[in-house]
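Protein sequences, first through last, are from chains A and B.
If you're matching positions, the first sequence starts at 71 in my numbering and goes up one per residue.
If you're matching positions, the second sequence starts at 46 in my numbering and goes up one per residue.
We put the CB at the ideal spot given by N, CA and C, even for glycine.
What follows is a single structure, written as structure tokens, with notes after it.
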Amino acid sequence: MTEGLPDDLEAVIGLEIHVQLSTETKMFCGCRLSFGDPPNTHTCPVCLAHPGVLPVPNRRAIEYAIQIALALGCEIAPNSIFHRKNYFYPDNPKAYQISQYDVPLASAGELADVRIHRAHLEEDAAKMVHIGESGRIQGSSGSLVDFNRAGTPLVEIVTEPDIRSASEAREWGQLLRETVRQLGVSDVNMEEGSLRCDANVSIRPRGSSELGTKTELKNMNSFRFLEKGITAELERQAGLVASGERVVQETLHFDPGTGALHPLRSKEEAHDYRYLPEPDLVPLAPDSEMLEQARKTLPELPEAKATRYRDELGIPEAPAELLSVRAELAAFLEAMLVAEPDLEPRVAANWLTGEFAAELRRKGDPELGEVPVEAAALASLASMAQAKKISHGTAKDLLTRMVDDGIDPVAVVTEEDLGQLSDSSELEAIVEKVVEENPGPAEEVRAGNEKAIGALVGAVMKETGGRADGGEVNRILRQALGLG
Amino acid sequence: MAGEPLGGLSACATGEAIGSGELDGAECLAFWAERAGDETLNAYLCTDQGDAGQRIAGAPVAVKDIFCTEGLPTTAGSRILEGYVPPFDATAVNRLRATGLPILGKTNMDEFAMGSSNENSAYGPVLNPWDRTRVPGGSSGGSAAAVAAGAAPWALGTDTGGSIRQPAALCGIVGLKPTYGAVSRFGMIAFASSLDQCGTFGHSVADAAELLSVVEGLDPRDSTSTGIPGGLSRPTASDLEGITIGVPRDFLEVGVEQGVADRFAEALETVERLGGTIRNIELPHAELGISAYYVIAPAEASTNLSRYDGVRYGLRVPADSLVEMYERTRGEGFGPEVKRRIMLGTYALSSGYYDQYYGTAQKVRTLIVRDFEAAFSEVDLIATPTTPGVAFGLGAKTSDPWSMYLNDLFTVPMSLAGIPAISIPAGLAEPPEGGPELPVGLQLAAPAFAEQALIESAHALEAAIGFDQRPEGGGNS
Numbered sequence: 071m072t073e074g075l076p077d078d079l080e081a082v083i084g085l086e087i088h089v090q091l092s093t094e095t096k097m098f099c100g101c102r103l104s105f106g107d108p109p110n111t112h113t114c115p116v117c118l119a120h121p122g123v124l125p126v127p128n129r130r131a132i133e134y135a136i137q138i139a140l141a142l143g144c145e146i147a148p149n150s151i152f153h154r155k156n157y158f159y160p161d162n163p164k165a166y167q168i169s170q171y172d173v174p175l176a177s178a179g180e181l182a183d184v185r186i187h188r189a190h191l192e193e194d195a196a197k198m199v200h201i202g203e204s205g206r207i208q209g210s211s212g213s214l215v216d217f218n219r220a221g222t223p224l225v226e227i228v229t230e231p232d233i234r235s236a237s238e239a240r241e242w243g244q245l246l247r248e249t250v251r252q253l254g255v256s257d258v259n260m261e262e263g264s265l266r267c268d269a270n271v272s273i274r275p276r277g278s279s280e281l282g283t284k285t286e287l288k289n290m291n292s293f294r295f296l297e298k299g300i301t302a303e304l305e306r307q308a309g310l311v312a313s314g315e316r317v318v319q320e321t322l323h324f325d326p327g328t329g330a331l332h333p334l335r336s337k338e339e340a341h342d343y344r345y346l347p348e349p350d351l352v353p354l355a356p357d358s359e360m361l362e363q364a365r366k367t368l369p370e371l372p373e374a375k376a377t378r379y380r381d382e383l384g385i386p387e388a389p390a391e392l393l394s395v396r397a398e399l400a401a402f403l404e405a406m407l408v409a410e411p412d413l414e415p416r417v418a419a420n421w422l423t424g425e426f427a428a429e430l431r432r433k434g435d436p437e438l439g440e441v442p443v444e445a446a447a448l449a450s451l452a453s454m455a456q457a458k459k460i461s462h463g464t465a466k467d468l469l470t471r472m473v474d475d476g477i478d479p480v481a482v483v484t485e486e487d488l489g490q491l492s493d494s495s496e497l498e499a500i501v502e503k504v505v506e507e508n509p510g511p512a513e514e515v516r517a518g519n520e521k522a523i524g525a526l527v528g529a530v531m532k533e534t535g536g537r538a539d540g541g542e543v544n545r546i547l548r549q550a551l552g553l554g
Numbered sequence: 046m047a048g049e050p051l052g053g054l055s056a057c058a059t060g061e062a063i064g065s066g067e068l069d070g071a072e073c074l075a076f077w078a079e080r081a082g083d084e085t086l087n088a089y090l091c092t093d094q095g096d097a098g099q100r101i102a103g104a105p106v107a108v109k110d111i112f113c114t115e116g117l118p119t120t121a122g123s124r125i126l127e128g129y130v131p132p133f134d135a136t137a138v139n140r141l142r143a144t145g146l147p148i149l150g151k152t153n154m155d156e157f158a159m160g161s162s163n164e165n166s167a168y169g170p171v172l173n174p175w176d177r178t179r180v181p182g183g184s185s186g187g188s189a190a191a192v193a194a195g196a197a198p199w200a201l202g203t204d205t206g207g208s209i210r211q212p213a214a215l216c217g218i219v220g221l222k223p224t225y226g227a228v229s230r231f232g233m234i235a236f237a238s239s240l241d242q243c244g245t246f247g248h249s250v251a252d253a254a255e256l257l258s259v260v261e262g263l264d265p266r267d268s269t270s271t272g273i274p275g276g277l278s279r280p281t282a283s284d285l286e287g288i289t290i291g292v293p294r295d296f297l298e299v300g301v302e303q304g305v306a307d308r309f310a311e312a313l314e315t316v317e318r319l320g321g322t323i324r325n326i327e328l329p330h331a332e333l334g335i336s337a338y339y340v341i342a343p344a345e346a347s348t349n350l351s352r353y354d355g356v357r358y359g360l361r362v363p364a365d366s367l368v369e370m371y372e373r374t375r376g377e378g379f380g381p382e383v384k385r386r387i388m389l390g391t392y393a394l395s396s397g398y399y400d401q402y403y404g405t406a407q408k409v410r411t412l413i414v415r416d417f418e419a420a421f422s423e424v425d426l427i428a429t430p431t432t433p434g435v436a437f438g439l440g441a442k443t444s445d446p447w448s449m450y451l452n453d454l455f456t457v458p459m460s461l462a463g464i465p466a467i468s469i470p471a472g473l474a475e476p477p478e479g480g481p482e483l484p485v486g487l488q489l490a491a492p493a494f495a496e497q498a499l500i501e502s503a504h505a506l507e508a509a510i511g512f513d514q515r516p517e518g519g520g521n522s
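Below you can see the structure in the form of structure tokens.
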């Protein structure tokens with residue numbers, strides 16, 4: 071079942087994502103993009119909509135948008151059209167937003183089994199700051215407009231309603247964010263608003279192919295809140311249906327603090343945008359050179375990387391997915407494999423995303439470059455463990471010292487004679503001694519309580535200083551106790 | 046003017062005299078500044094003395110108040126831009142300054158270029174220098190009247206449906222509208238973006254062409270600009286040998302005044318006398334031009350004019366709430382014709398009506414483009430009277446918008462097709478109600494970017510017609 075819904079109902083969710091492009095300048099003028107600069111310091115007659123000014127498209131923004139479209143497997147329109155979307159509001163100085171309407175730049179894509187309806191280029195509005203404690207327009211004594219943001223290039227991505235649960239929406243959103251991040255075309259920072267997500271949510275009887283009445287959740291500022299908001303909305307819709315009421319089409323704001331949903335405005339009052347082909351711009355017709363360049367510079371993206379790691383390198387599903395969305399970890403892994411060609415990718419990935427990641431958490435999650443562990447050093451450690459030159463326990467101890475003090479694991483193994491005990495006779499002698507010194511547990515094992523062997527294994531390990539191979543210790547112990 | 050060496054010099058000749066050192070640029074500017082300052086037709090909204098020490102390489106230019114001029118008020122004839130001083134120059138203005146042609150002043154116009162009589166200016170009508178009880182035409186009426194009256198050597202205007210050609214005809218001077226895209230629209234306050242085009246006024250084809258050659262050109266700040274490929278050179282033709290000129294007889298049947306029809310017929314005889322050939326052509330959809338124009342232009346205007354909200358510049362009428370401030374600012378800032386067109390255009394674009402109005406109008410536009418393409422496969426140029434009649438009396442048509450709109454019947458199709466056209470004086474004619482004779486204009490149109498061919502033929506015809514009258518008393522009473 072889907073979280074928030076009874077078994078006989080199904081969630082139908084589509085996402086609309088606005089991505090601010092990290093170009094140097096705005097979409098239609100030469101003003102610098104900035105975040106956090108003093109208000110109205112990056113403006114000009116064009117983005118302030120003085121009389122007589124004209125928009126000039128930012129070539130870099132078009133290139134970035136094409137990269138996003140290609141990364142989402144979209145078809146690129148040979149001639150897409152800019153439209154004026156007319157609405158009168160203080161954040162919109164021309165009283166129209168230049169956007170795309172019936173012929174968008176990109177359409178018919180797919181990312182991780184969610185179809186992309188369209189992706190188009192447009193410009194961002196100015197930022198409104200409402201005076202007053204709430205920061206919201208209701209009850210505010212006045213509003214200020216900061217035009218620094220006006221005209222920031224945006225790509226709007228609209229999915230088909232292919233998502234079936236709140237958690238899937240979060241996961242897919244995260245994948246999309248990582249995909250765009252790895253293209254290097256946006257900061258994708260949801261708190262700063264460089265990535266914004268709306269969700270269209272409806273429910274229907276499971277098995278139905280019709281779409282129910284949808285509501286729109288606006289401007290979630292994290293994917294965690296998106297998931298919570300969708301869950302709350304699904305519960306609300308299911309409750310309405312259960313009590314015989316109907317879902318009304320409306321726009322909702324989710325308050326992550328209280329978990330409450332507030333209606334913003336109903337669609338019945340929605341603007342008539344009076345779309346008009348933008349007469350100040352010619353059709354956007356990327357030439358073959360521009361498309362070829364975009365294709366060539368496309369990096370390996372998370373979805374493809376996860377598949378390759380899983381299918382070609384034999385890395386298990388979970389670390390493969392984690393590595394695919396953490397570009398810096400993936401690069402570290404690839405450097406490990408170059409340093410130690412015999413190291414199995416599966417082993418390398420486990421050390422990297424398991425023990426090493428745990429050590430990083432212990433240190434408060436520093437960046438990879440902030441700990442004195444090179445990819446080659448971690449690879450040597452993993453290699454020694456893989457070849458059973460050192461025991462797993464020794465390897466973990468070494469890793470802690472590597473992270474803390476930057477030691478060279480190979481040198482330390484030699485210096486401190488930490489090599490694994492591979493001499494059976496030496497190990498057998500230790501086992502014999504341990505059995506003698508621990509008659510209680512030994513007797514229990516002999517009496518059939520095999521779990522009691524753990525205490526004896528621990529004692530052997532202690533005796534060898536952790537240098538013995540766990541499997542081998544087990545084998546010799548069982549033999550000595552007649553379980554062989 | 047006659048008897049005054051400087052006023053009698055053509056603008057081209059003035060530039061040459063300054064270039065050769067025969068004439069002092071500063072003296073020339075002072076002479077024209079005085080004439081502009083003494084003008085009593087309400088042709089100028091403001092005049093400019095220029096900066097001391099500026100380079101003066103030619104005759105100063107009167108600039109329609111629709112062009113943004115850094116440091117000089119720019120109102121587009123509207124109250125809503127009262128007090129607005131742009132922080133930048135329009136590209137066309139920039140090109141004038143870069144060439145050393147000083148700005149003489151900003152000329153009066155119909156508010157946001159919406160009008161054919163200049164009576165829609167928030168700053169009062171411009172008077173026709175030939176008869177002060179009549180209109181000079183519009184919307185570039187101030188530019189046309191200033192040049193006709195000898196208060197400017199030449200001028201910039203804009204033409205959306207005839208706003209250069211019609212006032213040029215009614216004031217007895219030359220008005221040249223180039224191909225859409227020839228001159229950058231950057232800094233030219235938008236009325237109907239897909240139709241607006243900068244053009245020029247002069248006493249001769251050569252002057253108008255010379256000024257156009259200064260301002261035309263590709264501009265990276267206007268994505269729709271193209272310039273005129275190959276540029277423009279001074280016209281030299283003296284005959285029309287080998288030139289075929291098409292006349293859309295059917296289109297011209299509707300209500301042309303007798304005096305205008307007579308001058309037009311004489312002009313066609315002159316064409317043949319110069320060795321040209323006259324051929325009848327058809328422009329089957331041209332008569333739908335006005336209807337399509339009055340959907341497309343208001344639709345674009347309705348979105349272009351939404352930015353005037355009293356917040357960032359221009360007029361602000363204070364009020365207790367933001368919405369009330371918007372309403373009062375726009376209510377008091379816009380005149381009745383502008384409001385009429387904003388409402389028309391808003392309606393034409395609204396959901397459910399778009400296809401019926403804007404969509405249909407765009408289809409008509411395409412048909413008109415094809416009409417011209419078909420015609421130009423047979424002829425080099427097309428000739429019509431510029432307007433159906435001579436200058437009409439102030440107030441004569443203000444209560445009947447449709448009869449006012451019909452003034453642009455012969456000029457609108459060329460605007461919809463984006464092709465170049467010129468109006469040259471064809472002589473004088475008595476108005477239907479009697480009285481002193483008034484100027485008549487002959488319009489010639491050419492295929493897109495065929496400006497050079499257009500001005501060559503216009504130059505040859507102009508010389509043969511030999512119109513050299515000037516309004517008595519000019520602009521100074």
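**OP:** Locate the beta strand (DSSP E) running through Gly552 (chain A), then write down its first and last residues.
**Re:** Segment: none, Gly552 (chain A) is in no beta strand (DSSP E) and carries neither H nor E.
Original post:
Using a Cβ-Cβ cut-off of 8 Å (strictly less than) and excluding sequence neighbours within five positions of Pro477 (chain B), which residues of its own chain qualify?
Top reply: Glu302, Gln303, Gly304, Gly434
Original post:
Mind checking if Ala119 (chain A) is an interface residue toward chain B, Cβ cutoff 8 Å exclusive?
Top reply: Interface with chain B (8 Å Cβ-Cβ cutoff): Ala119 (chain A) is included.
**OP:** Taking C-beta pairs closer than 9 Å, name the residues in chain A that Ile427 (chain B) reaches, listed in chain order.
**Re:** The premise fails here: Ile427 (chain B) is roughly 25 Å from chain A at the closest Cβ pair, so nothing lies under 9 Å.
**OP:** May I ask you to list, following chain order, the residues of the segment 255-282 of chain B that have a beta carbon less than 7 Å from some beta carbon of chain A?
**Re:** Pro265, Arg266, Asp267, Ser268, Thr269
Original post:
According to DSSP, is Tyr166 (chain A) helix, strand or coil?
Top reply: Note: Tyr166 (chain A) maps to strand in three-state DSSP.
**OP:** Tell me whether Trp77 (chain B) sits in a helix, a strand or coil according to DSSP, three-state version.
**Re:** helix
**OP:** Take Pro231 (chain A) as the anchor and find which of A:Ala302, A:Lys503, A:Leu488, A:Thr283 has the nearest alpha-carbon.
**Re:** When the alpha-carbon of Pro231 (chain A) is set against those of A:Ala302, A:Lys503, A:Leu488, A:Thr283, the nearest one is in A:Thr283.
Original post:
Identify the residues that DSSP records as bridge partners of Arg431 (chain A): which are they?
Top reply: None; Arg431 (chain A) has no bridge partner.
Subject >> Residues of the segment 146-169 of chain A whose Cβ lies closer than 8 Å to any Cβ of chain B, in chain order >> reply: When C-beta distances to chain B are compared with 8 Å, the residues of the segment 146-169 of chain A below that value are Arg154, Asn156, Phe158, Pro160, Pro163, Lys164, Ala165, Tyr166, in chain order.
**OP:** Could you tell me whether the segment 399-407 of chain B touches the segment 174-184 of chain B, using the rule of 3 or more Cβ pairs below 8 Å?
**Re:** No, because fewer than three Cβ pairs between the segment 399-407 of chain B and the segment 174-184 of chain B fall closer than 8 Å, the two stretches do not touch.
**OP:** Report buried or exposed for Val395 (chain A), applying the criterion of at least 16 other Cβ atoms within 10 angstroms of its Cβ.
**Re:** buried
**OP:** Find out if the Cβ-Cβ distance for the pair Ala189 (chain A), Ala178 (chain A) is shorter than 8 Å.
**Re:** no
**OP:** Mind checking which residues open and close the alpha helix (DSSP H) that includes His341 (chain A)?
**Re:** Unbroken run through His341 (chain A): none, as it is neither H nor E.
Original post:
Which first and last residues belong to the alpha helix (DSSP H) in which Met233 (chain B) is found?
Top reply: From DSSP, Met233 (chain B) is part of no alpha helix (DSSP H); its letter is neither H nor E.
**OP:** Consider the C-beta atom of Val318 (chain A) and the heavy atoms of the ligand MN; say whether any pair is separated by less than 7 Å.
**Re:** No copy of the ligand MN occurs in the structure displayed, which carries no ligand at all.
**OP:** Alpha carbon to alpha carbon, how far is Ile233 (chain A) from Asp183 (chain A)? Give it in angstroms, no decimals.
**Re:** 9 Å
Original post:
Hey, would you say Ser264 (chain A) sits closer than 8 Å to Gln90 (chain A), going by beta carbons?
Top reply: yes
Subject >> Extent of the continuous alpha helix (DSSP H) to which Ile300 (chain A) belongs >> reply: 293-312
Original post:
Using the beta-carbon count (16 or more within 10 Å), is Glu338 (chain A) buried or exposed?
Top reply: With a pLDDT of 45 at Glu338 (chain A), under the threshold of 50, the modelled position of that residue is not reliable, and no figure is offered here.
Subject >> Delimiting residues of the beta strand (DSSP E) encompassing Arg266 (chain A) >> reply: 265-275
Original post:
Tyr134 (chain A) lies in the alpha helix (DSSP H); which residues open and close that run?
Top reply: 129-141
Subject >> Contacts that Pro389 (chain A) makes with chain B (C-beta to C-beta distance below 9 Å) >> reply: Within chain B, no residue comes near Pro389 (chain A); the closest Cβ sits about 49 Å away, beyond 9 Å.
Subject >> Where Asp96 (chain B) falls, given that 16 or more other Cβ within 10 Å makes a residue buried >> reply: exposed
Subject >> Within-8 Å CB hit, Thr411 (chain B) to chain A >> reply: Under the Cβ criterion of 8 Å, Thr411 (chain B) is not counted among the residues facing chain A.
**OP:** Give a yes or no on whether the C-beta atoms belonging to Leu468 (chain A) and Arg537 (chain A) are separated by under 8 Å.
**Re:** 8 Å or more divides the Cβ of Leu468 (chain A) from the Cβ of Arg537 (chain A).
**OP:** Please decide whether Ala167 (chain B) counts as near chain A, where near means a Cβ-Cβ distance under 8 Å.
**Re:** no
**OP:** Locate the beta strand (DSSP E) running through Cys91 (chain B), then write down its first and last residues.
**Re:** 89-92
Original post:
Rounded to a whole number of angstroms, what is the C-alpha to C-alpha distance between Ala310 (chain B) and Asp295 (chain B)?
Top reply: 15 Å
Original post:
Arg385 (chain B) CB to nearest chain A CB: under 8 Å?
Top reply: no
**OP:** Return helix, strand or coil for Met159 (chain B), following the three-state DSSP convention.
**Re:** coil
**OP:** Compare the C-alpha of Met233 (chain B) against each of A:His120, A:Ser204, A:Val82, A:Lys459 and name the closest.
**Re:** A:His120
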